[in-house]
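First residue of the sequence shown? That's 272 in our numbering, and the numbers climb one at a time after it. The beta-carbon is built from N, C-alpha and C at its ideal position, and this holds for glycine as well.
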Amino acid sequence: MLDLNNQQWFFNDMPRNKFAFAEHINDQSQHPVDNLDVNLRILREEEGRRLNPKQKDELVGVLKKYASVFEPGGEPTPYIKHHINTRNNPPVSVPPYRLSSVKKELLKKKLDTLLKENIIE
Numbered sequence: 272m273l274d275l276n277n278q279q280w281f282f283n284d285m286p287r288n289k290f291a292f293a294e295h296i297n298d299q300s301q302h303p304v305d306n307l308d309v310n311l312r313i314l315r316e317e318e319g320r321r322l323n324p325k326q327k328d329e330l331v332g333v334l335k336k337y338a339s340v341f342e343p344g345g346e347p348t349p350y351i352k353h354h355i356n357t358r359n360n361p362p363v364s365v366p367p368y369r370l371s372s373v374k375k376e377l378l379k380k381k382l383d384t385l386l387k388e389n390i391i392e
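Following this line, the structure appears as structure tokens:
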């Protein structure tokens, strides 16, 4: 949910946890989602439910200490190749959803970025 008056947003099922909007960047070449400042080092309320408070604090400490490991981007891991075994069932093919020309252009830019960063092939 967006709280435009207070420049905050929150998940509908967790209204007490509010997050400030990121600073706006006047670069029209990027999609607004690309400009969001995501904090990957703080657990959300629904994460770590089975951990006690001490364990949660320790986990947050590890996330902060090794923050560079959890940053988006970088090379794919050389240790494992992802594969989905569909057994005898071929992958399901469905026609793409129709998009407006503006949304198509945004999608194309995002896909180009993902291809360039070797996130997708």
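Tell me residue i's beta-bridge partners as DSSP assigns them.
i, result
"residue 289", "281"
"residue 274", "279"
Can you give the beta carbon distance from residue i to residue j, rounded, assuming they're within the 8 Å contact cut?
i, j, result
"residue 340", "residue 314", "At roughly 16 Å, the Cβ-Cβ gap does not stay under 8 Å, so residue 340 and residue 314 are not in contact."
"residue 382", "residue 370", "Not quite, the Cβ-Cβ distance comes to about 12 Å (not below 8 Å), so this is no contact."
"residue 316", "residue 285", "5 Å"
Identify whether residue i lies in helix, strand or coil by the three-state DSSP scheme.
i, result
"residue 382", "helix"
"residue 352", "coil"
Take residue i as the anchor and find which of the options has the nearest alpha-carbon.
i, options, result
"residue 398", "275, 335, 326", "Since the first residue of the chain shown is 272 and the last is 392, residue 398 is not available in this structure."
"residue 345", "333, 385, 370, 290", "385"
"residue 367", "360, 361, 375", "375"
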